[in-house]
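Residue numbers (my numbering), protein chains in the order written: chain A, 371 to 968; chain B, 833 to 1065; chain C, 12 to 194. Built from N, CA and C at the ideal position, the CB exists for glycine as well. Predicted model, so just to flag it, every value in this text is computed and none were measured.
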């Protein structure tokens, strides 16, 4: 085992900033990260053991004990539940013979829950040893478990491959793209490398001006003007600059980047190269979520191909001195790493805790050097803007939101998938397009976004009115909104908080408990007032976007569906702590073998 | 010569060195802004969120915000004071803080802040989480029940080679501090006492120490936390 | 006008808070002038004989009897005051919170060093007359509505006195720094 670990560490040149990769490889080679490996890693990298444990225990997909020859990570997102996850989970438990968070007695199969894996358009879905299984049913589970027991390779357990590149030799996945609407910017054909050829005839300043003129705003959710970000970075002093692409698509219900990475990876890499040119950066890092490891070989192969065709590497496209290369940094299961500074921390081998600002990443980012972190979709937009011009781009969308937007649609609708729409589309029209009927609510922008009802369907998707990072979950009338959706989202945030800020760590739990009190029928009028007041404390008191939005599931549902809360409230009584004597004595009565005498 | 800049806190005119953070600058001007994670001279953590102040209508943590010329800072306003009390209360309910049985009682900064903000009982229900007490280190007891995860020990306590003795473990609600077994095995009594002193609460206890000051003579028995700062100017 | 009526009780507490109540020294005479005591260990009145104005609760709820008494106090007192750490947050009895009940009982009746050889039949008390243990020790306000809280272990006599006087006279309660302490 020492040899394995030594080899891995050597591969990363004893570089402690590559601790994530070292742990990922160790986990993958040994199946878990044993204590001896932790000690070995710490010793060679000249770290304390607790430093290594700190990174290791932060990420969902690292484990200090064996996770089973086959580790089943079944998504437990809201949409997965809607599509029948409960039955699938039960089937897994019955077939495997153990509960979740456990490994079967023979050590063969481990069952685990996991947050949204970016397959909301084909749930219920699970990742087994890195391979994605979609549209699971209890029957399919029986076959899968039988195959696992028989020792089959996960890749050999199916032959129903997805469409287009999903079927390519290096992916061979059952995932389907579900591109439901192609717009003019992202899902349109173009000649790879053509934008780069044009860009190298311009000065970096001209490139940045063009992006500024296009009014392109970051597509990750925050909507910061991309040109401005680049400008700030370029003006920051540093020895070297970095371009990082945020492909940590962790917001439940979002999967548009999965589709870009599958179908248009060259578009993305060209966008990164353009950013590299504009910023005079030599290195690009694609931070890719662990859930998309099934695309690893495919993407690495494309990067190699781009090097060979002089679209990456040295003197790109024949331009003297234009050197830029890309490496892929995998995550290991942490939603908060979608926050740009947490992403940087993670890429440096640390726990994904967001940094304090200032300094901003454009000043001191990756390796303390000026860094631009852009979303996948943003960088893809860059290519088309450079190719067709800012004027062409601003013709689309609205005044403050130019271009198009990818929206991941899932839930109770006929046509889940990815839609490229112009900014400014009315939510109602969008819902009609996706075949959503009998709608109770729509979750726009994931758990950190808003839960809206019919009253809001007249609003338009754009920064002036209703901005979104790009997802819609349709929640039909048959669903229990507060219990199945709002509570699930709160549990998600509790699980994904880094834990550094007190309100994000503690108040999320308090809020969930309060919500449960109401759901269990112990709510009184004052609980709603307190709930609202406490939710509002979250908004500004936390460091990063996760903490600031973690109360949004309750806050927005309380605003738009107050009646659903009020229905559960007992208005006749002033006080109810939720204390239940019979429940409180049950354990002790059982322990001493007596019948509760209430 | 460093440049002096002018700013205000609650309309009081203040002066600071350029580059100072708002929290230190406030302290130097005799204004108390509460904080549990801050240690002067150590890179701020911005973790406890108690030092949130309002600048240009936005909440910002004073410890991580560099003071700027002309800055108008709101500190002692009901909205912020209530948030601070709420955060103190969150800390009381998310852990198990049995003050009467704690060696640090009377010298505990969390308790002292609760006194200063007149917490009678937290507005939130007690969680009574199951937490461990780790006595494996020869010189220290780590009581996770009392830990408020302020990161002070992590940020300021290293061994002679600059290696971290403390670090975090896990995340979110399950976050805890973790002490390096090997590196802490040979701690001197002096270092152990230093670790205990750096901890604002009673989560790090120097074995064999504690309860050595009678009630009435401890740090916060008679005077509120922050009064030393306020009495300077 | 009749005197305000006070009731007191000690639930899962050590009576230390009651001792502190007596620790108001000669003011106890003044208190007797001001108020009348009803159900309380001080006068040994075991059941409420009339509606009271103020109920002082020491200790948290660790068993079913505590809960019944507390609810009885809520029913019979206009104002309820939790006084002392145990009433406010469970206090030392709540050290057991988080330990499974079976483990607590086994330690207390079977395995503890003082009992290990003295319970040969390995009996865990389960007579119907014995109150049933709760899964954890509850602060009083997590069972019934509590109107005021006086922290301390015990609460300082001055705090108890000042609070009672403030409530009885309707004057504002001033809290000097030294009187509000958690230990």
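Taking residue 1010(B) as the centre and dropping the five residues before and after it, the same chain places the C-beta of 999, 1001 closer than 6 Å to its C-beta, in chain order. In the DSSP assignment, residue 842(A) is bridged to 779(A), 814(A). Counted as a single uninterrupted DSSP element, the beta strand (DSSP E) harbouring residue 836(B) occupies residues 836-841. The beta carbon of residue 871(A) lies closer than 6 Å to those of 912, 913, 917 in the same chain, with the five residues before and after it left out. Considering only 506(A), 487(A), 501(A), 488(A), the residue with the shortest C-alpha distance to residue 494(A) is 506(A). Beta-bridge annotation (DSSP): residue 822(A) is paired with 812(A). The bridge partners DSSP lists for residue 772(A) are 767(A). According to the DSSP assignment, residue 789(A) belongs to the beta strand (DSSP E) that extends over 787-792.
The distance from the Cβ of residue 862(B) to that of residue 1061(B) is about 6 Å, consistent with a contact at the 8 Å cut-off. Neighbours of residue 186(C) across chain B, judged by C-beta separation under 7 Å: 950.
Within chain A, the residues 420 have their CB atoms less than 8 Å from the CB of residue 998(B), given in chain order. Interface with chain C (8 Å Cβ-Cβ cutoff): residue 471(A) is excluded. Restricted to the region 485-532 of chain A, the beta strand (DSSP E) segments that are unbroken, complete and at least 3 residues in length are 496-498, 501-503, listed in chain order. Look at residue 440(A) here: in three-state DSSP terms it is strand. Between the region 502-519 of chain A and the region 465-482 of chain A, the count of Cβ pairs shorter than 8 Å is three or higher; the stretches touch.
The Cβ of residue 1010(B) sits closer than 8 Å to at least one Cβ of chain A. Comparing alpha carbon positions, the residue from 421(A), 812(A), 865(A), 638(A) closest to residue 828(A) is 812(A). In chain order, 951 make up the part of chain A whose C-beta sits under 7 Å from the C-beta of residue 78(C). When the Cα atoms are used, residue 685(A) and residue 844(A) turn out to be separated by approximately 48 Å. Residue 937(B) counts as buried, since no fewer than 16 other beta carbons sit within 10 angstroms of its beta carbon. Scanning the region 893-918 of chain B for uninterrupted beta strand (DSSP E) segments of 3 residues or longer gives 904-906, listed from N- to C-terminal end. Note on the region 112-161 of chain C: whole alpha helix (DSSP H) runs with a minimum of 4 residues are 112-117, in chain order. A contact is defined here as three or more CB-CB pairs under 8 Å, and the region 1027-1040 of chain B meets this definition with respect to the region 976-985 of chain B. Inter-segment contact for the region 645-653 of chain A and the region 686-701 of chain A is present: three or more beta-carbon pairs are separated by less than 8 Å.
The alpha-carbon separation between residue 807(A) and residue 728(A) amounts to approximately 46 Å. Across the structure, residue 932(A) and residue 966(A) are spaced so that their CA atoms are roughly 39 Å apart.
At least one CB of chain B lies nearer than 8 Å to the CB of residue 193(C). Around the beta carbon of residue 171(C), a 10 Å sphere encloses 16 or more other beta carbons of the protein chains shown; the residue is thus reported as buried. Among the residues of chain C, those whose CB is under 9 Å from the CB of residue 963(A) are 135, 137, following chain order. In the three-state reduction of the DSSP assignment, residue 739(A) falls in the coil class. Residue pairing by DSSP places residue 614(A) opposite 655(A), 743(A) in a beta bridge. The region 1009-1038 of chain B is shown to contain whole beta strand (DSSP E) runs of 3 or more residues at 1036-1038, in chain order. Short of 7 Å from the beta carbon of residue 569(A), and not among the five residues preceding or following it, lie these beta carbons of its own chain, in chain order: 577, 644, 647, 756. It is roughly 23 Å from the alpha-carbon of residue 623(A) to the alpha-carbon of residue 508(A). In this structure the region 87-97 of chain C lies against the region 157-174 of chain C, because at least three pairs of beta carbons, one per stretch, are closer than 8 Å.
Runs of alpha helix (DSSP H) with 4 or more residues, each lying fully within the region 12-71 of chain C, are found at 27-33, 38-45, listed in chain order.
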